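K.L.:
The structure under discussion is supplied below as structure tokens; questions concerning it will follow.
Numbering (the UniProt record's numbering), first residue to last: 1 to 222.
Below you can see the structure in the form of structure tokens.
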């Protein structure tokens, strides 16, 4: 999900940018997995889910606005990743409580890894410029957000399934878009901000797959 900016004062070698970006991405996802496990077992996470999401969003904004201070931006990246895991722990816990919930979560995680790896590999091998997707992806993201808001008031399973499908397509497309930008180095890419973008892509793919698999499982039971 593109939230990065460029800065002419941060001219890093391509290899350094790539290794740092994927290193930060891996560390962030690992931290999220750990704190999600903590969140599943914490009463604080279950009782105040909105609070942790707001704090995570604040950390995300902090990364963007304080990016000039690399040390602080890196610290906020880990704060953001930890808070996201803690906030999503109860959500994952709800899926685990479903019949076959462990399989749903495992399949969503495996599907995310396969989807992300395959799309990243395609972007690397093809070396195509996927910037032309931006308009379509932005439109799809807006539709997904509006649909998600509508879903709060309209408890229609089909609507939730469609929105999850749109989200899956949008964030899969953003993996292509972001990876293409990382490879082609349009300007000078900040590895911390790029890691955040790829992190959001992967996390939202995982959540979309959770929704799709969970709703499909519920449909079979009904």
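Quick reminder that beta carbons are idealized off the backbone N, C-alpha and C, glycines included. Nothing here was measured: the structure is a model prediction, and the numbers come from that model.
1) If you compare alpha carbons, which of 83, 28, 93 is closest to residue 40?
2) Would a C-beta distance cut-off of 8 Å place residue 199 and residue 25 closer than the cut-off?
3) I need the straight-line Cα distance from residue 151 to residue 209, nearest angstrom please.
4) Run through DSSP, which three-state label would residue 130 get?
5) What does a CB cutoff of less than 6 Å around residue 19 pick up in its chain, not counting 5 residues either side in sequence?
6) Taking the C-alpha atoms as reference points, what is the distance between residue 103 and residue 213?
7) Hey, is the segment 122-138 in contact with the segment 161-177, meaning 3+ C-beta pairs nearer than 8 Å?
8) Closest to residue 96 by C-alpha separation, out of 146, 178, 37, would be which residue?
9) Tell whether a beta-carbon distance below 8 Å holds between residue 189 and residue 181.
10) Taking only three categories from DSSP, how would you classify residue 66?
11) Looking only at its chain, what residues have a beta carbon closer than 8 Å to the beta carbon of residue 11, apart from the 5 residues adjacent to it on each side?
12) With DSSP collapsed to three states, give me the class of residue 100.
13) Roughly how many angstroms lie between the CA atoms of residue 197 and residue 99, to the nearest whole one?
14) Determine, using beta carbons only, whether residue 81 and residue 31 come nearer to each other than 8 Å.
15) Are the segment 75-91 and the segment 42-57 touching, with three or more C-beta to C-beta distances below 8 Å?
16) Considering only C-alpha positions, which residue in the set 146, 118, 158, 130 is nearest to residue 218?
17) Would you kindly report the start and end of the unbroken alpha helix (DSSP H) that includes residue 160?
18) I need the straight-line Cα distance from residue 193 to residue 28, nearest angstrom please.
P.N.:
Checking against the coordinates, here is how it stands:
1) 93
2) yes
3) 17 Å
4) coil
5) none
6) 10 Å
7) yes
8) 37
9) yes
10) coil
11) Bear in mind that the predicted position of residue 11 carries a pLDDT of just 42, short of 50, making it unreliable; the figure below should be weighed with that in mind. These residues qualify, in order along the chain: 188.
12) coil
13) 33 Å
14) yes
15) yes
16) 158
17) 157-184
18) 12 Å
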